[in-house]
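Just so we're on the same page, our numbering is the position in the sequence shown counted from 1, plus 18. We put the CB at the ideal spot given by N, CA and C, even for glycine.
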Amino acid sequence: MASDGDQAGRHLEVGHKSLLQSDALYQYILETSVYPREPESMKELRELTAKHPWNIMTTSADEGQFLNMILKLINAKNTMEIGVYTGYSLLATALALPDDGKILAMDINRENYELGLPVIEKAGVAHKIDFREGPALPVLDQMIEDENNHGSFDFIFVDADKDNYLNYHKRLIDLVKVGGLIGYDNTLWNGSVVAPPDAPLRKYIRYYRDFVLELNKALAADPRIEICMLPVGDGITLCRRIK
Ligand code: SAM
Ligand code: CA
19 MASDGDQAGR
29 HLEVGHKSLL
39 QSDALYQYIL
49 ETSVYPREPE
59 SMKELRELTA
69 KHPWNIMTTS
79 ADEGQFLNMI
89 LKLINAKNTM
99 EIGVYTGYSL
109 LATALALPDD
119 GKILAMDINR
129 ENYELGLPVI
139 EKAGVAHKID
149 FREGPALPVL
159 DQMIEDENNH
169 GSFDFIFVDA
179 DKDNYLNYHK
189 RLIDLVKVGG
199 LIGYDNTLWN
209 GSVVAPPDAP
219 LRKYIRYYRD
229 FVLELNKALA
239 ADPRIEICML
249 PVGDGITLCR
259 RIK
């Protein structure tokens, strides 16, 4: 029947969205697949961060597991992270890299990084991290000047100031190697990317929404990358450099 077909089609279309909106299913994912396999150090860092006033910024445990898996799948060795906070995604990365792996990690706030650092040290992976305090953009500009840095990163995770993502992209596309990945985080921006213009949004959600929308359009139109937007966490767009 045509109506059944329509119904089925619609169901498929919204199926994933409804999955994301189900707290029970999300809890099921965490309790069945994520928490039982979460390394002790990541659990400790997650629990420590939960007590911090800005804990809403932390990477979710399922996304941490995803990052750890993807880094192993691509055999990442030289990586970068923009936006560290207390270091949950950083630790997920550090644990995935080989012993001689490297993470250039940048954040304007050292204090929060230092909150998590003892846990990272105890996990035996702090030697992989080169933390730089300060805004990321000038560091990228400096790196671009040296040809040796071009095409040198296997993976870059961007999880900082959303109004700068396109500025980061302009530089990162040269720094990531062909075949390497950039992951832009929060590309579904709390679901606000599909909110009607008059929707009651929190001020910071509304402010950054236009930047996220612009980024998503620009990434979809960029011929230098292949993309895949995943509804993990608050949305992560993986960009594989192809030229
Ligand atoms: N990836 C982190 C985690 O797993 O917990 C979360 C990062 S949090 C969402 C965003 C971070 O970006 C904040 O710690 C903030 O200090 C940092 N940040 C904001 N503007 C920045 C900039 N211009 N350069 C570098 N870091 C910045
Ligand atoms: Ca994030």
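Close-in-space but distant-in-sequence residues of the same chain around residue i (CB under 8 Å, 5 per side omitted)
i: N234; result: T205, V211, M247, T255
i: I223; result: W207, N208, S210
i: L184; result: F229, E232, L233, A236
i: Y226; result: K180, D181, W207
i: T97; result: L89, T111, L115, G119, K120, I121, L122, F171, D172, F173, I174, F175
i: L66; result: T104, L133, G134, V137
i: S59; result: L109, L113, V137, I138, K140, A141
i: L63; result: T104, G105, Y106, L109, G134, V137, I138
Per-residue burial, residue i [other beta carbons within 10 Å of its own, 16 or more giving buried]
i: I243; result: buried
i: I174; result: buried
i: Y46; result: exposed
i: R150; result: exposed
i: H168; result: exposed
i: A123; result: buried
i: A94; result: buried
i: R55; result: exposed
i: G101; result: buried
The beta strand (DSSP E) enclosing residue i, as first and last residue numbers
i: N96; result: 96-100
i: Y131; result: Where Y131 is concerned, there is no enclosing beta strand (DSSP E), although the alpha helix (DSSP H) it sits in stretches over 128-140.
i: R258; result: 254-259
i: E244; result: 243-248
Own chain residues within Cβ distance below 6 Å of residue i, not counting five before or after
i: A110; result: G82, L85, N86
i: V194; result: F171, I174, I200, R259
i: A114; result: N86, L89, K90
i: T77; result: Y106, S107
N-terminal and C-terminal residue of the alpha helix (DSSP H) that residue i is part of
i: A217; result: Run containing A217: none; DSSP gives neither H nor E here.
i: E49; result: Neither: E49 is in no alpha helix (DSSP H) and is coded neither H nor E.
i: M60; result: 58-68
i: A239; result: No alpha helix (DSSP H) holds A239; DSSP gives it neither H nor E.
One or two residues paired with residue i in a DSSP bridge
i: V7; result: What is shown of the chain runs 19 to 261, which leaves residue 7 out entirely.
i: R150; result: M124
i: V194; result: F171
Cβ shell of residue i (< 7 Å), same chain only, five flanking positions each side left out
i: D192; result: I162, H168
Pocket of ligand 2 (residues with CB nearer than 5 Å to any heavy atom), chain order: D177, D203, N204
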